[in-house]
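So the structure is just underneath, and the comments pick up after that.
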Amino acid sequence: MTILTNPLFWVLAIAVYILLLIRLPGSLTFRFGLFNLITLTILLGWEVSIGVLGFVFLTWIILNLIISHRTNPNTAGPFLLILGFFILLIFSFSIHKLNLANPEFSFQLKQSAPWFPAEILLPFFATLSFSYIFIRFIDLAHSCIWKNKSLIDPISLTGYLAPFHMLVAGPINVYEDHVQVNDRPDGSMTPTRSLIVINEITTGLFYKFVIAEGIRVYFYGFNGNILMDEWFDCLILVIYAFFDFAGYSKIARGLGLLYGIPTPINFN
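Set out below in structure tokens:
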């Protein structure tokens, strides 16, 4: 989670809030999706942002095709379409995961398949390999296909599937809640809401960089890794992981409250 120690992350987080305050045309989900895409480009590079946008467009097209054929008595076509899409995603996900620790994988892949754009797709798979994106995709498909919820535009969809402030460790935002923010009146930043935002972010920073990192440094040193040699190490890992992820979750929730974007609690 070194992204939180990058000053650019916090500069961009504040910039997104300021831009959302400007009454530009478009819904809140569209404006957040647009600024989120720009933020991903600056933080992770244009290859990742193009990959995310391409994945979102492909998802949007496939869901539109399935929804348009929903009234068709012949359901074999849409079923095979979404099944093939899931197989493609799982295959791509597995290729990346199985070779995540192999630095020569990109070079070997380029030699065996020169036509494969590894320099573009592998950074995208690195982002896609976070399970949170997969779970959001499942909730999106369930909401649009089985619960008949409206499908938002691709730009807005990037803000749901790959929000920059929830990218590393969640939490999992619900598609229905994400869409409903467009129907709510704009919430002004009241003193009470400001205190909640500050409390969430500062508590998250305390959990992450004081408690979690303090545990790691105390038991394993500044440059040491947590090793599973004894049962006590397992206990330390559980405590460390809780405060580490809970800290990030609170930071993400604080930013979500700041933007007006639903960001539920991951670890309470």
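Using my numbering, the first residue of the sequence shown is number 3, and each one after it goes up by one.
Every residue, glycine too, gets a C-beta built ideally from N, C-alpha and C.
Quick caveat, the model's predicted, so the values are computed rather than measured.
Asked                                                                                                                             : Found
For Asn38, the first and last residue of its enclosing alpha helix (DSSP H)                                                       : Leu30 to Leu46
Same chain, Cβ closer than 7 Å to Ala214, neighbours up to 5 away in sequence not counted                                         : Tyr242, Phe245, Asp246 and Gly249
Cα-Cα separation, Thr192 to Asn8                                                                                                  : 29 Å
CA-to-CA distance, Gly216 to Phe166, given in whole angstroms                                                                     : 26 Å
Expected contact under 8 Å - CB spacing of Leu259 and Ile198 to nearest Å                                                         : 6 Å
Status (buried if at least 16 other CB within 10 Å, exposed otherwise) for Thr160                                                 : buried
Through-space distance from Tyr19 to Tyr261, alpha-carbon basis                                                                   : 6 Å
Pairwise C-alpha distance: Phe211 and Ser251                                                                                      : 13 Å
Distance, Tyr209 Cα to Leu14 Cα                                                                                                   : 22 Å
Contacts around Leu253, its chain only, beta-carbon distance under 6 Å, and the 5 residues preceding and following it disregarded : The residue you asked about is not Leu; residue 253 is Ile in the sequence shown. The answer, listed in chain order, is Ile203 and Gly206.
When Asp235, Pro266 and Glu232 are compared against Asp179, the one with the closest alpha-carbon                                 : Pro266
Leu260, DSSP secondary structure in three states                                                                                  : helix
Contact under 7 Å by Cβ, Val50 with Pro156                                                                                        : no
Val240 versus Ile68: straight-line alpha-carbon distance, rounded                                                                 : 42 Å
Nearest-angstrom Cα separation, counted from Gly47 out to Lys151                                                                  : 32 Å
Cα-Cα separation between Leu21 and Tyr220, rounded to whole angstroms                                                             : 41 Å
Which of helix, strand or coil DSSP assigns to Thr192                                                                             : coil
Cβ-based neighbour list, Pro264, same chain, cut-off 6 Å, excluding 5 preceding and 5 following                                   : Asn175, Asp179 and His180
Classification of Asn38 by the beta-carbon crowding that lies within 10 angstroms, buried from 16 upward                          : buried
Burial state of Leu42, where buried means 16 or more other Cβ atoms lie within 10 Å                                               : buried
Host alpha helix (DSSP H) of Glu232 (start-end)                                                                                   : Run containing Glu232: none; DSSP gives neither H nor E here.
Integer Cβ distance of Val183 from Thr31, believed to fall under 8 Å                                                              : 6 Å
C-alpha gap between Ile52 and Glu232, whole angstroms                                                                             : 44 Å
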